[in-house]
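Novice: I'd like to ask you about the structure that follows.
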Amino acid sequence: MTDPTATSALKTHNRQRIAAFIYGHDSATKQDLATELGLSLPTVTQNLRALEESGLIVKHELLGSTGGRRAQSYAFDSGSHMAIGASLGRDEVTLCAVDLRGHVTSRSSFRLPYVGGGHEGAGDQRGAGNRDAAYYAEVGHLINAFATSLGTAPDRILGVAFTIQGLVSGDDQRITFGTIMGNTGATLEDFSRSIDYPALLIHDSDASAMAELWFDDGIVDAACLYLERRIGGAVIIDGALHRGGGSGTGPNEGSNSGTIEHMTLVPDGRLCYCGQHGCVDPYCSPEALLREGESLAQCFARIHGEDADHTEDFREWLTYIAQTVNNVRMVFGSDVIIGGEASTFLDDEDLAEIRRLVIARSAFHDDFILRRSLCVADQSIVGAALRFVSPFIDHVCGNQNIRTI
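Those letters in the sequence shown? Residues 1 to 405, per UniProt numbering, in order.
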């Protein structure tokens, strides 16, 4: 007697293999699939019909013929499902719709001052609580309207991922350290109460690292240092974002993994926004280079124009970055990715100088790669949305490493 469970598993496996092949190629015909996957044409036809009915694939073009009927090709419909990434800044909300290949298909930005405080040490803030509720309700309204504008069926919106400028608990439910935005203790329920879709929270640096992994599946081990106004860090191990050790079951597990910005760089040094002294952030933030009223673009133009005062500060800044990278490599021994706003102003000579300074400070002169981040526009927002896209593609394609972007 045939085992119905085994039969069902085989059908699912075949469907995933077909979906994976089409996803990893521009298009494929029935004969391509039968030949490459070793499947019968009836099996291919049956699964193509099911995938087409689900909206995941569409008929593509008719290919040329040498005499018989022209072969119908099929393509993956990357726009069949969407995920939404959301960033709640001090003065605005930015939303990106991301398709099943990680591409942004729609983007909107709305002016809305942030008033979404947390719940820890709040004292008597009944008025603030009302403002928080009103703020999150408005955010929910903006997200729901944005989702509707996409023209995607509600059940094909995979979810909404909020990129957070702060640390998030291992279960993605709570902001455990939100000093920058003043929202420590804020919960996913606060953010998602007025939203019609599944939601999660993710640390912005982790989200940026997710985008690195998605668009460069050759990354195995890497330490990511994001040179934003507030420094961020993330660690990639064995091709996956590292979120901390332990059992991974508690709400705080992994909440501070990769926080390179709060490693002590200069004992008893400059005051950091976290309340400690000597952290990486006050030394490696590009704000350390800026004169009053100066933009980063103006600052780096003067640096590369060899303005004496700026050049001296720049050398010191690069030295602190190199020391940070060396410290991280003493723990992980990995390659290094430099990203963030300031990295877009660093030229190849600057990156080579950082690498030279790292090697000069290292006890072990092993070879390693130090490179610029991909610097995708809205990288942390896109990476946040990929927290929904990636597992969906794994489910559809059977977790096969066949992605081509």
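Backbone N, C-alpha and C fix where the C-beta goes; we use that ideal spot for every residue, glycine too.
What are the boundary residues of the alpha helix (DSSP H) that Met210 is part of?
Specialist: Stepping through the sequence shown from its first residue, residue 210 is reached at position 210. Unbroken alpha helix (DSSP H) run through Met210: 204-215.
Novice: Residue range of the beta strand (DSSP E) that Met82 falls in?
Specialist: Within the sequence shown, the letter at position 82 stands for residue 82. Its beta strand (DSSP E) spans residues 82-88.
Novice: According to DSSP, is Ser169 helix, strand or coil?
Specialist: Reading the sequence shown from its first residue, position 169 is the one you call residue 169. Ser169 falls in the coil class under three-state DSSP.
Novice: Any idea if Asn14 is buried or exposed, counting beta-carbon neighbours within 10 angstroms, 16 or more meaning buried?
Specialist: In the sequence shown, residue 14 corresponds to position 14, counting from 1. Asn14 comes out buried.
Novice: Do you know how far the Cα of Ser106 is from the Cα of Ala97?
Specialist: Along the sequence shown, one-based indexing puts residue 97 at 97. Along the sequence shown, one-based indexing puts residue 106 at 106. Going from the Cα of Ala97 to the Cα of Ser106 covers about 5 Å.
Novice: Got a sec, what are the start and stop residues for the beta strand (DSSP E) Ile175 sits in?
Specialist: Working through the sequence shown from its first residue, we reach residue 175 at position 175. 175-177 is the span of the beta strand (DSSP E), which, as asked, contains Ile175.
Novice: Comparing alpha-carbon positions, which option in Ala209, Ile175, Ile393 lies nearest Asp201?
Specialist: Position 201 of the sequence shown holds residue 201. The sequence shown places Leu at residue 201, not Asp. Ranking Ala209, Ile175, Ile393 by Cα distance to Leu201 puts Ile175 first.
Novice: Is Gly239 buried or exposed, if buried means 16 or more other CB atoms sit within 10 Å of its CB?
Specialist: Position 239 of the sequence shown, counted from the start, is the residue given in the question as residue 239. It is exposed - the Cβ of Gly239 has fewer than 16 other Cβ atoms within 10 Å.
Novice: In chain order, what residues of the same chain lie with their CB nearer than 6 Å to the CB of Arg90, ignoring the 5 residues before and after it?
Specialist: Counted from its first residue, the sequence shown places residue 90 at position 90. Taken in chain order, the residues that qualify are Tyr114.
Novice: Would you report the Cα separation of Val382 and Asp204, rounded to the nearest angstrom?
Specialist: To locate residue 382, count along the sequence shown from 1; it is residue 382. To locate residue 204, count along the sequence shown from 1; it is residue 204. Cα to Cα, the separation comes out at about 10 Å.
Novice: How many angstroms separate the CA atom of Gly170 from the CA atom of Ser257?
Specialist: Against the sequence shown, residue 170 aligns to sequence position 170. Against the sequence shown, residue 257 aligns to sequence position 257. Those two C-alpha atoms are separated by around 10 Å.
Novice: According to DSSP, is Arg356 part of a helix, a strand, or is it coil?
Specialist: Sequence index remark: in the sequence shown, residue 356 carries index 356 (1-based). Of the three classes helix, strand and coil, the one that applies to Arg356 here is helix, per DSSP.
Novice: Check Asp155 in the structure and name its three-state DSSP category.
Specialist: Against the sequence shown, residue 155 aligns to sequence position 155. Helix, per DSSP.
Novice: State the Cα-Cα distance for the pair Ile180 and Val93, rounded to the nearest angstrom.
Specialist: Walking along the sequence shown from the start, residue 180 turns up at place 180. Walking along the sequence shown from the start, residue 93 turns up at place 93. Answer to the nearest angstrom: the Cα atoms are 16 Å apart.
Novice: How should Ile369 be labelled, buried or exposed, when 16 other C-beta atoms within 10 angstroms of its C-beta is the threshold for buried?
Specialist: Here residue 369 refers to the residue found at position 369 of the sequence shown. Exposed is the call here.
Novice: Report yes if the CB atom of Leu225 is closer than 7 Å to the CB atom of Pro286, and no otherwise.
Specialist: Along the sequence shown, read from residue 1 onward, the residue named residue 225 stands at position 225. Along the sequence shown, read from residue 1 onward, the residue named residue 286 stands at position 286. Taking 7 Å as the Cβ cut-off, Leu225 and Pro286 do not qualify as a contacting pair.
Novice: With which residues is Thr187 paired in a DSSP beta bridge?
Specialist: The sequence position of residue 187 within the sequence shown is 187, counting from 1. For Thr187, which the question treats as bridged, DSSP gives the partners Arg174.
Novice: To the nearest angstrom, how far is it from the Cα of Pro251 to the Cα of Gly102?
Specialist: Here residue 251 refers to the residue found at position 251 when the sequence shown is read from its first residue. Here residue 102 refers to the residue found at position 102 when the sequence shown is read from its first residue. With a pLDDT of 47 at Pro251, under the threshold of 50, the predicted position of this residue should be treated as unreliable, and no value is reported.
Novice: So Thr105 is in the beta strand (DSSP E); what residue range does that whole segment cover?
Specialist: For the purposes of this step, residue 105 is identified with residue 105 of the sequence shown, where counting begins at 1. Element bounds for Thr105: 104-111.
Novice: Tell me, please, whether the segment 77-91 touches the segment 156-163 by the rule of three or more beta-carbon pairs shorter than 8 Å.
Specialist: Touching, per the Cβ criterion.
Novice: Distance, Cα to Cα, Gly178 vs Ile18?
Specialist: For the purposes of this step, residue 178 is identified with residue 178 of the sequence shown, where counting begins at 1. For the purposes of this step, residue 18 is identified with residue 18 of the sequence shown, where counting begins at 1. Distance between the alpha carbons of Gly178 and Ile18 is about 44 Å.
Novice: With contact counted as at least three CB pairs below 8 Å, one residue from each stretch, are the segment 50-65 and the segment 357-373 in contact?
Specialist: Output reads no: the segment 357-373 does not touch the segment 50-65.
Novice: Can you tell me whether Leu51 is helix, strand or coil according to DSSP?
Specialist: On the sequence shown, residue 51 is found 51 positions in, with the first residue counted as 1. Here Leu51 sits in helix by DSSP.
Novice: By the DSSP assignment, the beta strand (DSSP E) with Gly38 in it spans what residues?
Specialist: Taking the sequence shown and counting its residues from 1, the one referred to as residue 38 is at position 38. No beta strand (DSSP E) holds Gly38; DSSP gives it neither H nor E.
Novice: How many Å lie between Asp394 and Leu51 at the Cα?
Specialist: Counting from 1 along the sequence shown, the entry for residue 394 is found at position 394. Counting from 1 along the sequence shown, the entry for residue 51 is found at position 51. Straight-line Cα distance between these residues: approximately 15 Å.
Novice: Here's the rule: buried if 16 or more other CB atoms are within 10 angstroms of the residue's CB, otherwise exposed. What is Tyr283?
Specialist: In the sequence shown, residue 283 corresponds to position 283, counting from 1. Answer is buried; the Cβ neighbour count reaches 16.
Novice: Skipping 5 residues on each side, what residues in its chain have a beta carbon closer than 7 Å to that of Leu33?
Specialist: Taking the sequence shown and counting its residues from 1, the one referred to as residue 33 is at position 33. These residues qualify, in order along the chain: Ile18, Phe21, Leu39, Val44.
Novice: I need the straight-line Cα distance from Glu341 to Arg229, nearest angstrom please.
Specialist: In the sequence shown, residue 341 corresponds to position 341, counting from 1. In the sequence shown, residue 229 corresponds to position 229, counting from 1. Near 8 Å, if we compare the C-alpha coordinates of Arg229 and Glu341.
Novice: Should Asp190 and Tyr136 be called a contact, given that it needs their Cβ atoms to be closer than 7 Å?
Specialist: Position 190 of the sequence shown, counting from 1, holds the residue named residue 190. Position 136 of the sequence shown, counting from 1, holds the residue named residue 136. Cβ atoms of Asp190 and Tyr136: closer than 7 Å.
Novice: Which same chain residues end up closer than 8 Å to Phe268 when comparing Cβ atoms and leaving out the 5 residues on each side of it in sequence?
Specialist: Here the question's residue 268 lines up with position 268 in the sequence shown. Looking at the sequence shown, residue 268 is not Phe but Asp. Within the same chain, Asp268 has close Cβ partners His277, Gly278.
Novice: Does the beta-carbon of Leu213 have 16 or more other beta-carbons within 10 angstroms, so that it is buried, or is it exposed?
Specialist: Reading the sequence shown from its first residue, position 213 is the one you call residue 213. Buried, since its Cβ has 16 or more Cβ neighbours within 10 Å.
Novice: In its own chain, which residues sit with a C-beta less than 6 Å from the C-beta of Arg355, not counting the 5 before and 5 after it?
Specialist: For the purposes of this step, residue 355 is identified with residue 355 of the sequence shown, where counting begins at 1. Answer for Arg355: Leu370, listed in chain order.
Novice: Kindly indicate which three-state DSSP category Glu92 falls into: helix, strand or coil?
Specialist: For the purposes of this step, residue 92 is taken as residue 92 along the sequence shown, with counting starting at 1. DSSP places Glu92 in strand when its eight states are reduced to three.
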